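Everything below concerns the one structure shown next.
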Amino acid sequence: MDRDTDIAGLCARALEGHQLDERALEQVLSLGADEASQVFAAARELRRRHFGDRVFLYGFVYFSTYCRNLCNFCLYRAGNTASPRYRKSLDEVVAICRDLAGSGVVLLDLTMGEDPELYADPGLRDLLDLVVAVRRETGLPVMVSPGVVARDVLHGLRELGADWYALYQETHTPEVYERLRVGQPFAARADARLAARRAGLLVEDGILTGIGDTPADRARSIVSMRDGGWDQVRVMTFVPQEGTPLAGTEPPDESAELLTIAALRLAMPGRLIPASLDVDGLRGLERRLQAGANVVTSIVPPTVGLAGVSQSELDIDEGHRTVAEVVPRLAGLGLRAASPQEYVAWLDARRATRAS
Ligand code: SF4
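Here my numbering is used: the first residue of the sequence shown is 9, the next is one more, and so on.
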């Protein structure tokens with residue numbers, strides 16, 4: 009059996025509903041770009057079986073870019089004078105969310121750095137108030153990503169209406185992790201995701217690629233995220249950031265990210281897997297969807313002074329990271345933007361599965 013047949017066999021096994029093990033996933037992740045098309049086709053077929061033509065569009069509101077942490081890959085790390093800093097008021101965030109909801113997104117992703125001003129209150133009352141206000145104004149599901157927080161904060165977030173807790177491990181290989189999230193214990197993040205699930209929140213984990221990771225590292229991450237049972241799993245390509253210790257890193261190409269999206273779909277066909285606009289802007293969207301993604305993240309409205317995370321400016325002022333720009337790209341691939349009702353139905357079904 010030659011290598012091509014092996015890959016065809018792995019794809020066939022995934023399509024038959026078998027679980028690919030870590031070794032098989034590493035094999036998929038080691039493919040060259042010219043060999044990847046059959047993996048992408050299998051990933052699209054699995055997406056079709058589980059989600060039909062529906063794609064979920066997420067609005068992104070990075071409401072505070074202040075942070076007390078020193079992640080080596082991040083533009084917003086503490087003390088980086090190259091970082092744009094702002095902190096939006098509750099009223100500003102609510103107004104932005106109202107407009108995003110009107111534009112057709114199905115979820116509002118309220119993202120923040122670990123802002124020392126917010127963390128001056130360990131109960132994160134300002135974040136809880138923001139969740140309440142955004143829910144009341146829009147009625148849409150809300151995702152938060154406050155970092156590792158106390159259990160009572162997680163319970164409070166759920167009780168006040170938050171649906172999602174996003175906490176990215178970036179890599180599930182401890183030696184690689186230590187070079188990225190400096191001073192943030194590896195195990196604490198896994199514990200926080202578990203605590204969030206116990207509090208009733210849906211959970212997103214995710215990885216970066218292009219930070220010295222290998223196919224074996226990424227396969228380990230995929231298995232770890234599958235074993236964790238996380239509801240949304242993402243991969244993004246590292247973008248070197250000015251003023252950071254990794255600024256001089258050679259920018260990786262996107263092939264590892266695309267293969268990882270497909271491998272995530274093969275390994276976890278029924279989970280939500282994002283195509284982020286925050287790596288390559290609108291021009292990279294189709295490739296990520298063709299690799300098997302079924303969520304578009306980092307939709308950012310223009311003219312309200314918001315930044316992205318990996319790409320702080322790309323496509324934002326031009327209005328390219330909007331629902332109006334994304335929808336025609338979906339249509340070109342035979343896909344469509346799901347309605348808020350369809351999204352809530354998916355969330356409810358997912359919660360019911362997890363409760364059983
Ligand atoms: S990745 Fe998040 S926690 Fe780390 S420095 Fe950036 S904003 Fe802060």
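We treat Cβ as the ideally placed atom computed from N, Cα and C, and that holds for glycine.
Note that this is a predicted model, so its numbers are computed, not measured.
Note that the C-beta distance between L65 and V243 is not below 8 Å.
Note on geometry: alpha-carbon atoms of L37 and A128 lie some 43 Å from one another.
Exposure of E24 is indicated by the presence of fewer than 16 other C-beta atoms within 10 angstroms of its C-beta.
Excluding the 5 residues flanking it on each side, S306 has same chain C-beta neighbours closer than 7 Å at F68, S284, L285, D286, G316, R329, in chain order. Pairwise C-beta distances place the stretch 178-190 in contact with the stretch 213-227, as three or more of them are shorter than 8 Å. The beta strand (DSSP E) runs lying completely inside the stretch 266-294 and spanning 3 residues or more are 282-284, given in chain order. Distances taken from the Cβ of R85 to the heavy atoms of ligand 1 include one shorter than 7 Å.
When S153, W354, S97, V63 are compared, the shortest CA-CA separation from G112 is found for V63.
Pairwise C-beta distances place the stretch 195-204 out of contact with the stretch 143-152, as fewer than three of them are shorter than 8 Å. Spanning the alpha carbons of T245 and I15 requires a straight line of approximately 24 Å. At the C-beta level, L280 and D239 come within 8 Å of one another. In terms of CA proximity to S97, V312 leads the group V312, P154, I215.
Spatial neighbours of L272 in its own chain (CB-CB distance under 7 Å, excluding positions within 5 residues in sequence) are listed in chain order as I230, V241, V243, I281. Taking 8 Å as the cut-off, the beta carbon of F48 is found no closer than this to the beta carbon of G220. Rounded to the nearest angstrom, the Cβ distance from N77 to E122 is 5 Å, consistent with a contact under 8 Å. Taking C-beta atoms as the reference points, L274 and V334 fail to come closer than 8 Å. Here R187 is near N80, since their CB atoms are less than 8 Å apart. In this structure Q249 is buried. Its beta-carbon is surrounded by 16 or more other beta-carbon atoms within 10 angstroms.
Uninterrupted beta strand (DSSP E) stretches at least 3 residues long and entirely within the stretch 288-357 occur at 303-307, given in chain order. The beta carbon of L168 sits closer than 8 Å to the beta carbons of L136, V139, V140, R143 from its chain, once the five residues preceding and following it are set aside; these are given in chain order. The Cβ atoms of D325 and P310 sit closer than 8 Å to each other.
If you look at F48, you'll find it isn't in any beta strand (DSSP E); it sits in the alpha helix (DSSP H) that goes 45-59.
Less than 8 Å separates the beta-carbon of L210 from that of R358.
Listed as beta-bridge partners of F81 by DSSP are no residues whatsoever.
When only Cα atoms are considered, L39 and V352 end up about 36 Å apart.
Here DSSP, grouped into helix, strand and coil, assigns R144 to helix.
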